[in-house]
Amino acid sequence: MYVCVCRAVTDGDIREAVEQGCCTMRDLRNTLDVATQCGRCALTAREVLNDALQHLARDIAGAA
Ligand code: FES
Numbered sequence: 001m002y003v004c005v006c007r008a009v010t011d012g013d014i015r016e017a018v019e020q021g022c023c024t025m026r027d028l029r030n031t032l033d034v035a036t037q038c039g040r041c042a043l044t045a046r047e048v049l050n051d052a053l054q055h056l057a058r059d060i061a062g063a064a
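Numbering (our numbering), first residue to last: 1 to 64.
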């Protein structure tokens, strides 16, 4: 699903960016340009970011 229409960023793009090392909204802005135009997507982008970070933490904990 598209999270940021202005920059054509999907939830998959955000999850992939997290897997590549992004862990803050600043990282996402710098990497994907998400929330850099109208800003309406910022809340949803943050929710997807937090969800992706939780999944990553679970994966790491499960692998240990
Ligand atoms: S929808 Fe993301 S900046 Fe406009």
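Cβ atoms here follow ideal geometry from the backbone N, Cα and C, with glycine treated the same way.
Next on the checklist: Can you give me the C-alpha to C-alpha distance between Val42 and Gly21, rounded to a whole angstrom?
Outcome noted: Reading the sequence as shown, one finds Ala at residue 42 and not Val. Rounded to the nearest whole angstrom, the CA to CA distance from Ala42 to Gly21 is 19 Å.
Item to check | Candidates Asp27, Cys38, Arg15, Met25: closest to Asp51 by CA position | outcome: Closest by alpha carbon: Arg15.
Checklist entry - Beta carbon of Asp27, beta carbon of Arg7: below 8 Å? => result no
Checklist entry - Quick one, which of Thr44, Cys23, Thr24 has its alpha-carbon nearest Val9's? => result Thr44
Next on the checklist: Here's the rule I'm using: 16 or more other beta-carbon atoms within 10 Å means buried, otherwise exposed. How should Cys38 be labelled?
Outcome noted: By the neighbour-count rule (16 or more Cβ atoms within 10 Å), Cys38 is not buried but exposed.
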